[in-house]
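For the record, in the sequence shown the residue sitting at position 112 is 113 according to our numbering, with numbers rising by one throughout. Written out below as structure tokens is the structure these notes cover.
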Amino acid sequence: MPREFHRSQRIAEEIQRSVSEIVRLRLKDPRLEKITITEVKVSRDLSHARIFYSSFDLNADRAVLTEALASSAGKIRQLLSREMRLRRVPELHFEYDQTLEQALRVTSLIDEAVASDRAAADDSSDS
């Protein structure tokens with residue numbers, strides 16, 4: 002059975018592509034050079050878009066990035082309106098995507114558990 006795509010999903014995908022391009026190519030803010038747009042969720046009535054982003058720089062200050070995106074939101078929305086054929090462009094809300102950090106934390110916990118198991122196995126084999 003084919004998967005159904007709602008209009009809001011298609012618009013979210015188009016917004017993600019367009020906003021990524023706008024941030025990468027058209028904005029001159031150096032604080033935004035190392036971010037990537039990871040996901041966009043659009044409300045059912047298409048009036049709001051939650052845009053999730055992450056940074057390639059793991060040491061970057063989230064507050065600075067969020068402030069930079071929030072201050073650029075009007076410009077991004079203006080450029081987005083020129084690219085998309087919508088009667089009304091949604092309001093843009095930026096949120097930091099913690100998926101990468103959570104994945105790194107889980108990986109480090111797994112590595113610690115494996116190292117602990119190996120140490121325990123080595124201790125028991127020495128006895």
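All C-beta atoms in this analysis are idealised placements derived from N, C-alpha and C, irrespective of residue type, glycine included.
Residue i to residue j span [Cα, whole Å]
i	j	result
Thr67	Tyr97	7 Å
Thr108	Ile52	26 Å
Asp123	His7	56 Å
Phe95	Arg32	15 Å
Ile144	Arg88	The chain is shown from 2 up to 128; residue 144 falls before or after that span and cannot be answered.
Arg139	Gln99	Outside the shown range of the chain, which is 2 to 128, sits residue 139, and nothing can be said about it.
Leu70	Lys76	10 Å
Residue i (DSSP reduced to helix, strand or coil)
i	result
Ser126	helix
Lys42	strand
Ser48	coil
Met2	Because the pLDDT at Met2 is just 44, under 50, the model does not fix this residue reliably, and the point stays unresolved.
Glu34	coil
Ile70	Before going on, a small fix: residue 70 reads as Leu here, not Ile. If DSSP states are grouped into helix, strand and coil, Leu70 belongs with the helices.
Supposed close pair residue i, residue j - CB separation, criterion 8 Å
i	j	result
Leu1	Ala50	The first residue shown for the chain is 2 and the last is 128, placing residue 1 beyond what the model contains.
Ser19	Glu113	41 Å between Cβ atoms; not a contact.
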